[in-house]
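*Asks:*
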Amino acid sequence: MAALPVYPWHLAPDGLATLRQLRARGLRPGGQDVAAQIERPRYRRGPLVAYLYEIDRAKPVRPMTPAKWAALAKANTARRTCPQCQRDAGYVIPASFGTCVPCAYPDDEQCAA
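Under the numbering used here, the first residue of the sequence shown is numbered 9, with each subsequent residue one higher.
1. Starting from Ala58 and walking both ways along the beta strand (DSSP E), at which residues does that stretch end?
2. The beta strand (DSSP E) with Glu44 in it runs from where to where?
3. If we ignore side chains and look at the alpha-carbon of each, how far apart do Ala120 and Thr73 end up?
4. Can you check DSSP and say which residues form a bridge with Leu35?
5. In this structure, how does DSSP classify Thr107 when only helix, strand and coil are distinguished?
6. Three-state secondary structure (DSSP) at Met9?
7. With distances taken from CA atoms, which of Glu47, Ala66, Pro49 and Arg70 is nearest Gly23?
8. Taking three-plus beta-carbon pairs below 8 Å as touching, is the stretch 20-38 in contact with the stretch 47-63?
9. Whose CA, out of Ala20, Arg31, Pro55 and Lys76, lies closest to the CA of Ala43?
10. Give me the Cα-Cα distance between Leu12 and Ile46, rounded to the nearest whole angstrom.
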């Protein structure tokens, strides 16, 4: 297996893109292998590495189906529902609390049970 070509930060050749750059163009790697990588040096730490894919071999992103939209809505609703008081908090409940803020700090505000 040959080693990947490594390019300095901001000096990758045209025709290669990172995952985020592909997604911004509405593309996905589509099963292709990593073509190269870019490295950004950091002070006192190892370099940041980003993998590059060939743009011409990338495929379009698959569209969301109605079932996927429904599953995503259900998952987001579950993330906003407090397990203690069963109310929709209106925000994603922090994992550090595990409950909505009124339930996490009952002295400040009573949680409607």
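The beta-carbon is built from N, C-alpha and C at its ideal position, and this holds for glycine as well.
*Replies:* Quick look at the numbers:
1. Sequence index remark: in the sequence shown, residue 58 carries index 50 (1-based). Element bounds for Ala58: Arg53 to Glu62.
2. What you label residue 44 is simply residue 36 of the sequence shown in a count that begins at 1. In the sequence as displayed, the identity of residue 44 is Ala instead of Glu. Here the beta strand (DSSP E) through Ala44 covers Ala44 to Arg50.
3. Within the sequence shown, numbered from 1, the residue matching residue 120 stands at position 112. Within the sequence shown, numbered from 1, the residue matching residue 73 stands at position 65. The predicted position of Ala120 is uncertain, since its pLDDT is 49 and thus under 50; a value taken from the coordinates is nonetheless stated next. Looking at the two C-alpha atoms, the distance is approximately 37 Å.
4. Within the sequence shown, the letter at position 27 stands for residue 35. DSSP lists Pro68 as partners of Leu35.
5. Along the sequence shown, one-based indexing puts residue 107 at 99. Coil, per DSSP.
6. Translated into positions along the sequence shown, residue 9 becomes position 1. For Met9, the predicted structure reports a pLDDT of 49, less than 50, and the residue's modelled location is therefore unreliable. A value from the coordinates is still provided. Met9 falls in the coil class under three-state DSSP.
7. Taking the first residue of the sequence shown as position 1, residue 23 is located at position 15. Looking at the Cα atoms, Ala66 is the closest of the given residues.
8. yes
9. Counted from its first residue, the sequence shown places residue 43 at position 35. For Ala43, the nearest C-alpha among the options comes from Ala20.
10. To locate residue 12, count along the sequence shown from 1; it is residue 4. To locate residue 46, count along the sequence shown from 1; it is residue 38. Spanning the two alpha carbons is a distance of roughly 10 Å.
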